[in-house]
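>
Numbering (my numbering), first residue to last: 115 to 281.
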């Protein structure tokens with residue numbers, strides 16, 4: 115069995131919880147330097163536990179012109195963290211899969227950012243979505259209308275938003 119570092123385990127576990135299996139964005143629980151996380155991802159790529167696929171710019175690992183590539187967990191990666199069971203006639207784990215990986219929408223990304231321990235600033239949300247400030251604030255209003263509680267706090271001089279419970 116492959117020995118995984120703590121960072122690799124967190125990356126695979128986090129990706130396994132996402133509909134599309136994307137490693138990005140990184141979970142807030144990772145405190146390692148970005149260079150160390152990138153080395154962990156490269157190691158997972160070499161071991162076949164994650165793979166590179168075309169994706170949206172939001173979840174991109176790298177870009178080649180206008181084409182963006184993301185990193186997604188593979189069945190081998192899921193098996194390495196104990197998800198899935200070996201198939202009856204092969205060493206390939208049997209994992210529930212979808213025909214197409216679920217597309218991470220900008221609205222879903224906003225919710226994910228707001229659920230972080232320290233929430234997200236308007237700047238964080240704008241950077242992640244590519245929206246203009248008024249569009250981003252309108253999205254927050256839309257979430258409130260859908261029953262989400264959005265708490266505001268200060269992080270220095272900047273307003274920080276965090277999601278509460280859904281009504």
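Where is the CB? At the ideal position from N, CA and C, for every residue including glycine. All of these numbers come straight from a predicted model, not from anything done at the bench.
If I measure Cβ to Cβ from residue 230 and keep anything under 6 Å in the same chain, skipping five residues before and after, which residues do I get?
142.
> Going by DSSP in three states, residue 136 sits in which element: helix, strand or coil?
Strand, per DSSP.
> Beta-carbon separation of residue 154 and residue 125 under 8 Å?
The answer is yes: Cβ separation under 8 Å.
> Any idea which residues DSSP pairs residue 276 with across the strands?
For residue 276, which the question treats as bridged, DSSP gives the partners 265.
> Please return the same chain residues whose Cβ sits closer than 6 Å to the Cβ of residue 267, not counting the five positions on each side in sequence.
274, listed in sequence order.
> Select from 227, 128, 159 and 135 the residue whose C-alpha is nearest the C-alpha of residue 169.
Taking only the C-alpha atoms, the option nearest residue 169 is 135.
> Which partner residues of residue 167 appear in the DSSP bridge assignment?
184.
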